[in-house]
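Okay, so here's the structure we're looking at.
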Amino acid sequence: MIFTARHAIGSKVRGEALVAHDGFSARYDLDRIRGTFSRPSHKLAGQSYAGKVLVLDTAKGGVATAWMLHEMASRGIVPLAIVLNSVNPILAQGAAFGNVTLLAGFDGDITAKVPHGATVEIDPASRSLRVL
Amino acid sequence: MLGGELGTAVKSAIEHQVKVGDFFGAADLVPVTQAHIMADTESLGEAGVRWLESLAGARVRVPTITDPRGTDFAKASVLKQPAWAVELERRAVQAFARLGVLMTDTCINYQTIQAPARGESVAFGDTGVVIYANSVCGARSNYEGGPSALAAGLTGRTPRYGFHLEECRRATLRVRVDFEPQTLNDWGALGGVIGRLAGNYWAVPYIEGLEAAPGSDALKHFGAAMASFGSIALFHLAGITPEAAQSGGSELKASHWVSEVDVKALQSAYAGEQEIDVVVFSAPQLSLYELRSLAALCEGRRFRKPLLAVTSPQVKPDADRFGLTRKIEDAGGHVLSGMCFYQSYAREIAEANGWKRLATNSAKLVNILGGYGYVPLLASMERCVEAAEKGRLPG
Numbered sequence: 000m001i002f003t004a005r006h007a008i009g010s011k012v013r014g015e016a017l018v019a020h021d022g023f024s025a026r027y028d029l030d031r032i033r034g035t036f037s038r039p040s041h042k043l044a045g046q047s048y049a050g051k052v053l054v055l056d057t058a059k060g061g062v063a064t065a066w067m068l069h070e071m072a073s074r075g076i077v078p079l080a081i082v083l084n085s086v087n088p089i090l091a092q093g094a095a096f097g098n099v100t101l102l103a104g105f106d107g108d109i110t111a112k113v114p115h116g117a118t119v120e121i122d123p124a125s126r127s128l129r130v131l
Numbered sequence: 000m001l002g003g004e005l006g007t008a009v010k011s012a013i014e015h016q017v018k019v020g021d022f023f024g025a026a027d028l029v030p031v032t033q034a035h036i037m038a039d040t041e042s043l044g045e046a047g048v049r050w051l052e053s054l055a056g057a058r059v060r061v062p063t064i065t066d067p068r069g070t071d072f073a074k075a076s077v078l079k080q081p082a083w084a085v086e087l088e089r090r091a092v093q094a095f096a097r098l099g100v101l102m103t104d105t106c107i108n109y110q111t112i113q114a115p116a117r118g119e120s121v122a123f124g125d126t127g128v129v130i131y132a133n134s135v136c137g138a139r140s141n142y143e144g145g146p147s148a149l150a151a152g153l154t155g156r157t158p159r160y161g162f163h164l165e166e167c168r169r170a171t172l173r174v175r176v177d178f179e180p181q182t183l184n185d186w187g188a189l190g191g192v193i194g195r196l197a198g199n200y201w202a203v204p205y206i207e208g209l210e211a212a213p214g215s216d217a218l219k220h221f222g223a224a225m226a227s228f229g230s231i232a233l234f235h236l237a238g239i240t241p242e243a244a245q246s247g248g249s250e251l252k253a254s255h256w257v258s259e260v261d262v263k264a265l266q267s268a269y270a271g272e273q274e275i276d277v278v279v280f281s282a283p284q285l286s287l288y289e290l291r292s293l294a295a296l297c298e299g300r301r302f303r304k305p306l307l308a309v310t311s312p313q314v315k316p317d318a319d320r321f322g323l324t325r326k327i328e329d330a331g332g333h334v335l336s337g338m339c340f341y342q343s344y345a346r347e348i349a350e351a352n353g354w355k356r357l358a359t360n361s362a363k364l365v366n367i368l369g370g371y372g373y374v375p376l377l378a379s380m381e382r383c384v385e386a387a388e389k390g391r392l393p394g
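As you go down the protein sequences, you meet chains A and B in turn. The first sequence begins at 0 in numbering that gives the first Met the number 0 and counts up one residue at a time. The second sequence begins at 0 in numbering that gives the first Met the number 0 and counts up one residue at a time.
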């Protein structure tokens with residue numbers, strides 16, 4: 000299965016997908032010290048995000064993610080890539096600043112198409128997500 | 000700039016803007032008159048501060064101001080913030096000052112520094128600042144994260160996409176409200192409900208049914224919560240905000256109805272506990288009028304639990320002069336300046352002080368703090384003050 004996005008930035012990566020129809024904000028949702036989703040109501044609460052491809056619905060919350068992706072990358076506790084149905088400028092700016100791969104904007108709900116736990120390959124050059 | 004003639008900092012700033020602009024298909028860059036940077040060091044970390052320090056020698060080209068810092072240096076010991084965090088803040092302040100950034104340390108710059116005019120293109124950080132500037136002032140800004148807002152300060156421009164474009168400012172959903180908010184927490188909760196309904200950054204709610212024109216503080220809480228719950232950057236209030244009539248909202252089919260039941264449902268989700276550990280008024284920082292209301296409520300009381308009221312460095316001297324700070328602090332509260340609670344190492348100060356159950360009148364704050372391990376409770380300013388006095392929220 001290959002899915003094509005409207006927006007892409009970053010490098011080609013391959014990894015395990017964490018999938019949920021929920022939002023994403025580094026400030027609101029993460030314990031960045033432990034590298035886990037910490038918001039109790041988040042569908043990925045308690046799960047480790049480090050080195051994973053996050054496949055989520057939309058960017059939420061404030062502007063801090065623009066700095067926080069860079070900060071998380073400096074400690075090596077950062078998602079490998081982020082894939083969203085809908086992106087806001089903060090995620091794009093944060094991905095550009097922190098060198099995190101980002102794909103966004105699909106025909107249909109990408110969180111309903113990628114199996115949780117699947118190995119996926121993200122190629123920003125072709126704006127594609129491939130389920131391996 | 001791209002050629003590096005203006006220095007490496009400006010070169011990397013414009014390269015960053017080109018990357019972001021390409022991502023969103025921006026045709027060009029738009030000149031901005033001012034920039035506002037969110038840059039507390041909990042977000043930057045050591046890596047972000049080192050990056051800021053590496054820019055030494057560059058200077059911003061347009062007035063560039065800052066969002067709240069991660070501490071009030073005069074009150075860091077009250078908060079029991081770790082020494083390393085305060086030191087990191089000092090380094091960040093020095094690095095920004097070397098770039099010519101004005102350390103205003105406020106998220107209510109539209110109340111305290113200079114509100115942008117209708118049609119003015121700016122590069123603002125802090126979602127509450129952006130939604131107020133776009134919606135209430137009719138200015139034009141996207142959410143600009145810290146690195147992007149600083150890039151705009153250094154280059155004097157920003158990529159032209161999103162809310163800099165006329166077509167993105169048109170209403171995309173019509174919301175009918177059958178509820179008149181009475182308090183700031185009501186306004187915040189209503190904003191939160193609409194933010195959830197709208198759902199993403201590109202949605203622009205057209206809201207009708209609010210009969211009386213709200214004041215600036217009500218719109219501040221309304222917008223901040225809508226941005227927080229929904230990542231919304233622009234709303235139109237029929238008959239009230241400047242672009243509502245031209246937004247096309249009245250031509251849309253009404254798709255959502257919001258009643259008191261919806262607002263109370265959001266509030267009741269943050270009403271699970273009666274006992275409290277701390278009361279916080281913050282997010283956004285309090286205006287002089289909010290501090291005036293709070294000071295009046297504090298008179299004659301003695302708090303059993305900590306009460307923190309957070310304002311801007313522009314408002315604090317007036318609050319001191321007018322005796323508002325004294326009234327709050329005589330009751331046992333603290334007035335803090337130039338920070339915001341959730342941007343001030345909220346997790347670390349919770350552990351240091353044993354704070355878990357936090358009462359506030361800010362819908363934005365309750366939405367944020369769950370991820371930091373708090374049990375946030377939303378109540379009116381009056382009920383929060385009573386909770387500080389009695390140790391529990393009144394029934």
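Beta carbons: idealized from backbone N, C-alpha and C, even for Gly.
Mind checking who residue i pairs with in its DSSP beta bridge?
i	result
B/HIS235	B/TYR205
B/ARG139	B/SER120
B/GLU350	In DSSP, B/GLU350 forms no bridge with anything.
B/GLU274	B/ARG391
B/PRO30	B/ARG156
If I measure Cβ to Cβ from residue i and keep anything under 6 Å in the same chain, skipping five residues before and after, which residues do I get?
i	result
B/SER286	GLN110, ASP216
B/ARG300	ALA330, GLU388
B/GLY188	Residue 188 of chain B is actually Ala in this sequence, not Gly. Closer than 6 Å at Cβ, skipping near neighbours: VAL262, LEU265, GLN266, ALA362.
A/ALA104	The sequence given here has Gly at residue 104 of chain A, not Ala. Once the five neighbours on either side are set aside, the close Cβ partners of A/GLY104 are ALA4, ARG5, HIS6.
B/LEU218	VAL135
B/MET37	ASP66, GLY124, ASP125, GLY145
Sort the options by Cα distance to residue i and report the nearest one.
i	options	result
B/LYS74	B/ARG60, B/PHE340, B/MET380, B/LYS355	B/PHE340
B/SER292	B/LEU323, B/ASP276, B/ALA268, B/GLU272	B/LEU323
B/LEU51	B/ILE367, B/ARG159, B/LEU149, B/LYS363	B/LEU149
A/ILE76	A/TYR48, A/ASP56, A/SER37	A/TYR48
B/GLU274	B/VAL203, B/LYS389, B/LYS219	B/LYS389
B/LEU290	B/ILE64, B/VAL314, B/GLY222, B/ILE112	B/VAL314
B/GLY247	B/PRO67, B/GLY144, B/SER227, B/ALA170	B/ALA170
B/ARG391	B/GLY370, B/ASN366, B/MET338, B/LYS304	B/LYS304
A/ALA94	B/ARG139, B/GLY145, B/ALA114	B/GLY145
B/LEU28	B/VAL100, B/GLY155, B/LEU78	B/GLY155
B/ALA84	B/GLU45, B/THR157, B/PHE22	B/GLU45
B/ALA410	B/MET380, B/MET102, B/ASN352	Outside the shown range of chain B, which is 0 to 394, sits residue 410 of chain B, and nothing can be said about it.
B/SER254	B/PRO283, B/PHE280, B/GLY369, B/TYR205	B/TYR205
A/VAL130	A/ASN98, A/PRO88, A/VAL82	A/VAL82
A/ASN84	A/ALA19, A/LEU55, A/ASP28, A/SER40	A/LEU55
B/ALA212	B/SER230, B/ALA224, B/ILE239, B/GLY229	B/ILE239
B/LEU56	B/ALA122, B/LEU98, B/ASP39	Note on residue identity: the sequence assigns Gly, not Leu, to residue 56 of chain B. When only C-alpha atoms are compared, the closest one is B/LEU98.
B/VAL277	B/PRO180, B/THR359, B/TYR269	B/THR359
B/ALA223	B/MET338, B/VAL121, B/PRO312, B/ALA282	B/ALA282
A/ILE109	A/GLY22, A/ASP30, A/PHE36	A/GLY22
A/ALA44	A/THR64, A/VAL113, A/ALA19	A/ALA19
B/SER53	B/ALA244, B/VAL384, B/GLU298, B/ALA94	B/ALA94
B/ILE13	B/ARG175, B/ALA114, B/THR157, B/ALA116	B/THR157
Considering just the uninterrupted stretch of the alpha helix (DSSP H) at residue i, what are its terminal residues?
i	result
A/GLU15	Careful: A/GLU15 lies outside any alpha helix (DSSP H), inside the beta strand (DSSP E) at 12-18.
B/ARG291	287-297
B/PHE23	7-23
B/LEU189	183-197
B/VAL365	362-368
A/ILE89	88-97
B/ARG49	40-52
B/ALA358	Premise fails: B/ALA358 lies in the beta strand (DSSP E), 356-359, not in any alpha helix (DSSP H).
Closer than 8 Å by C-beta to residue i: which residues in its own chain qualify, once you throw out the five before and the five after it? Chain order, please.
i	result
B/TYR373	ALA345, ALA349, TRP354, LYS355, ARG356, LEU357
A/ILE8	ALA91, ALA94, ALA95, THR100, LEU101, PRO123
B/MET225	ILE130, GLY190, GLY191, ILE193, GLY194, ALA197, PRO204, ILE231, PHE234
A/VAL86	HIS6, THR57, ALA58, LEU101, ALA103, GLY104
Within its chain, find whatever has a CB closer than 7 Å to the CB of residue i; leave out the 5 residues flanking it on each side and keep chain order.
i	result
A/GLY50	GLY14, LEU79
Identify the continuous beta strand (DSSP E) that holds residue i and give its terminal residues.
i	result
A/HIS6	6-8
A/ILE81	80-85
A/ASP122	118-122
B/THR171	Segment: none, B/THR171 is in no beta strand (DSSP E) and carries neither H nor E.
B/LEU1	Element bounds for B/LEU1: n/a, residue is neither H nor E.
A/LEU102	100-103
A/VAL130	127-130
B/LEU78	From DSSP, B/LEU78 is part of no beta strand (DSSP E) but of the alpha helix (DSSP H) over 75-78.
Can you find a heavy atom of the ligand ADP that lies under 6 Å from the Cβ of residue i?
i	result
B/PHE321	With respect to small molecules bound, the structure shown includes none, and the ligand ADP cannot be examined in it.
Query raised in the report: What are the uninterrupted segments assigned as alpha helix (DSSP H) that are 4 or more residues long and contained completely in the stretch 95-131 of chain B, given in chain order?
Result: 108-111, 126-131
Requested in this report: Identify every run of the beta strand (DSSP E) within the stretch 49-74 of chain A, keeping only runs that are complete inside it and at least 3 residues long; order them along the chain.
Outcome: 52-58
Report task. Only counting runs of 3 or more residues, tell me where the beta strand (DSSP E) segments fall wholly within the stretch 212-263 of chain B, in order along the chain. Result -> 253-258
Query raised in the report: Which runs of the alpha helix (DSSP H) fall wholly inside the stretch 294-350 of chain B and span at least 4 residues, in chain order?
Result: 315-320, 323-329
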